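Student:
Numbering (full-length UniProt numbering), first residue to last: 1 to 630.
(1) Using only the alpha-carbon positions, how far apart do residue 284 and residue 22 sit?
(2) Helix, strand or coil for residue 522? Go by DSSP, reduced to three states.
(3) Rounded to a whole number of angstroms, what is the C-alpha to C-alpha distance between residue 535 and residue 350?
(4) Just the C-alpha distance for residue 588 and residue 392, rounded to the nearest angstrom, thanks.
(5) Determine which residues share a DSSP beta bridge with residue 493 and list them.
(6) Report the rounded CA-to-CA distance for residue 395 versus residue 439, giving the unit in angstroms.
(7) Round the Cβ separation of residue 330 and residue 277 to the nearest angstrom and send it over; I've been treating them as touching at under 8 Å.
(8) Along the chain, where does the alpha helix (DSSP H) that runs through residue 88 open and close?
(9) How about residue 73 and residue 360: do their beta carbons lie closer than 8 Å?
(10) For residue 50, which residues in the same chain have their Cβ closer than 8 Å to its Cβ, ignoring the five residues on either side in sequence?
(11) How would you label residue 242, buried or exposed, when you count the other beta carbons within 10 angstroms and need 16 or more for buried?
(12) Please identify the residue among 431, 379, 425, 334 whose C-alpha is closest to the C-alpha of residue 387.
(13) Bridge partners for residue 330 per DSSP, in chain order?
(14) Is it a yes or a no for the region 589-604 touching the region 559-576, going by three-plus beta-carbon pairs under 8 Å?
(15) Taking DSSP as the reference, what is the three-state secondary structure of residue 447?
(16) Near residue 103, what residues of its chain come up, given a Cβ to Cβ distance below 7 Å and the 5 sequence neighbours on each side ignored?
(17) Per the contact definition of three or more C-beta pairs closer than 8 Å, is the region 69-84 in contact with the region 112-127?
(18) Do you know how far the Cα of residue 405 is from the Cα of residue 2?
(19) Determine the extent of the alpha helix (DSSP H) in which residue 379 is found, giving its start and end residues.
(20) I'd like to check one pair, residue 597 with residue 618: are the Cβ atoms closer than 8 Å?
(21) So, at 6 Å on beta carbons, what are the nonlocal neighbours of residue 33 in its own chain, with the 5 sequence-adjacent residues on each side left out?
(22) Entirely within the region 162-219 and at least 4 residues each: give me those alpha helix (DSSP H) ranges in chain order.
(23) Output yes or no for whether 8 Å exceeds the beta carbon distance between residue 371 and residue 515.
(24) Can you check which of these residues, 324, 337, 24, 339, is closest to residue 357 by C-alpha distance?
(25) Count the other C-beta atoms from every protein chain shown that fall within 10 angstroms of the C-beta of residue 620, then say buried if there are 16 or more, exposed otherwise.
(26) Could you check what DSSP says for residue 437 in three-state terms: helix, strand or coil?
(27) Buried or exposed: where does residue 560 fall if 16 or more other Cβ atoms within 10 Å of its Cβ makes it buried?
(28) Hey, could you find the ends of the beta strand (DSSP E) residue 386 is sitting in?
(29) Across the region 482-494 and the region 77-94, are there enough close Cβ pairs to call them in contact, namely three or more that are closer than 8 Å?
(30) Going by the beta-carbon positions, is the gap between residue 318 and residue 340 smaller than 8 Å?
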């Protein structure tokens, strides 16, 4: 296996390996070496190099013959519009926005919060910050005012760039009142705000503080790219913390450029000029890495999609976008495919579109159950590749390097560790476990370029959250195992491994079995407290559209399935049919919150929840089973 040798070299010779990859990036001053370990266990990459992200994402393509190639396609079924922007148009608009920000005093190192819907201007705002060396922090558009205030207080931005509104199926979400409320609550006050006025809802501007985007940039002089040190933060991205205080993940500039550039060809198998689509949001890490930065750094055309997998207008919207814009590689979350599968289990919409352009589908964001992968492969007739990573890492920890050497696909596994990731499965004492044994998945330090060097203004918390549990390792918080071939299997968050009468069991393994039932579209398993066995598994089942049998019959069949395939040791006897599962906006199922409801423990409704009403629906079903008593 050629890839196995490449990976081994990345572990044994990180300096040599990553300096070679760095040659694909335009440097103002090339780095003297790749890895700086003088602050271990806080490692830095390409620290003494000078570089600019915006130059690498836009200007160099304009200079090198791609000026008239499409850089961004904005496909918005919620506004019934499509906008196309070339690399030259993006470069010119970003340079003017950067010039306007600079004229208002935004300089290298200043923070800028971006609070916008899925529009091209969101990418322009990110890239304008990068052009100046300012540090952006994108907050998911429509986030509650309090959560936005918490992020304003932590990042202390000089300015906020926001949209007047976001557009959801059937409703318009006013952003400006939320922003005003957040600024009123925050102890830190930004100097000014820039508001993109959208046709669906014009916001009222506060004189002296707020600027209309169009007026703001109209007469601005374009700004040049400002070189920054390789270790300079490109952005801060907040991820939910267990304390309720979000963690500000830092992304260092140079490692980000080098790692993302490597990933586009070697993982996603796209070349300059190809169309790449990550169906996510700029508020999440996928939106940062694979809507904005990586495709543009590589010279691809990236799609900014403002819609939903179903309902804008139907379960065929993914296939329309792929067909219309000639998408070669498509990246989405398993939950999106499950939503499509639930609405269109037989794939009737797939046949309505010419998908011959599509070569590969990639899934990430949560466990990709084999049933969902098989359904997608059967419908789309292309490889469906699972891969695994985190907000903290910024790019894949484990994947199938399709563009370098396509490895055999093993259902249920995101394949093997990517370059620089020395992946180990450890027991509770921090010792490696044999192949096939469930344990905590950890990454031996140093982490590769592109991953977080620390947390924003919270180094002690960085150590406590990630480094202290297993000294010398980064603890991923995920549990799973590795097989004899080095394929990793992510079974659950460490917290989701339940203990049934002394047996450590993976809820993910049970979910895999439940998902294989022909009537089950989506499912979740949690561990609820039990006086006799410590914990018992409880399943939640969402059924396919058109499943017209009695719920009790389906539940009985699902219980038997788990008993047959995992065994009586799982003690799986409880399952309930629900209409929907509580999720974050990025599609992650809120299992820990469901456990707290079941066990009548206090809990905080996560800021990222898609619809809080679902928690009430879950509580009602749990009470029928004798749980959620308070």
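Ideal Cβ positions, reconstructed from N, Cα and C, are used throughout, including at glycine. Bear in mind that the values here come from a model prediction, so they are computed numbers and not experimental data.
Tutor: The structure says:
(1) Taking the Cα positions, residue 284 is about 26 Å away from residue 22.
(2) Correct three-state label for residue 522: strand.
(3) Note on geometry: alpha-carbon atoms of residue 535 and residue 350 lie some 42 Å from one another.
(4) Each residue's Cα considered, the two are about 16 Å apart.
(5) In the DSSP assignment, the residues bridged to residue 493 are 478.
(6) Across the structure, residue 395 and residue 439 are spaced so that their CA atoms are roughly 23 Å apart.
(7) The Cβ separation is near 5 Å, so the contact holds.
(8) Element bounds for residue 88: 87-103.
(9) No, the pair does not count as a contact, with Cβ atoms beyond the cut-off.
(10) Same-chain partners within the cutoff: 27, 28, 29, 227, 228, 229, 230.
(11) Because residue 242 sits at a pLDDT of 49, beneath the cut-off of 50, its placement in the model cannot be relied upon, and the following sentence gives the value as read from the coordinates. Exposed, because fewer than 16 other Cβ atoms sit within 10 Å of the Cβ of residue 242.
(12) For residue 387, the nearest C-alpha among the options comes from 334.
(13) Partner(s): 277, 361.
(14) Output reads no: the region 559-576 does not touch the region 589-604.
(15) Three-state result, residue 447: coil.
(16) Excluding residues within five positions, the ones whose Cβ falls inside 7 Å are 220.
(17) Because the criterion of three Cβ pairs below 8 Å is met, the region 112-127 and the region 69-84 touch.
(18) One C-alpha to the other measures close to 7 Å.
(19) Residue 379 -> alpha helix (DSSP H) spans 370-380.
(20) The criterion of a C-beta distance shorter than 8 Å is satisfied by residue 618 and residue 597.
(21) Same-chain partners within the cutoff: 15.
(22) Within the region 162-219, the complete alpha helix (DSSP H) runs of at least 4 residues fall at 176-185, 213-218.
(23) A contact, by the Cβ cut-off of 8 Å.
(24) Closest in alpha carbon position to residue 357, among 324, 337, 24, 339, is 324.
(25) Residue environment for residue 620: exposed (fewer than 16 other C-beta atoms within 10 angstroms of its C-beta).
(26) When secondary structure is reduced to three states using DSSP, residue 437 falls in the coil class, being assigned neither helix nor strand.
(27) By the neighbour-count criterion, in which a residue is buried when 16 or more other Cβ atoms sit within 10 angstroms of its Cβ, residue 560 is exposed.
(28) Start and end: 384-386.
(29) Taking 8 Å as the limit for Cβ pairs, the verdict is that the region 77-94 does not touch the region 482-494.
(30) In contact: residue 318 and residue 340 (Cβ atoms closer than 8 Å).
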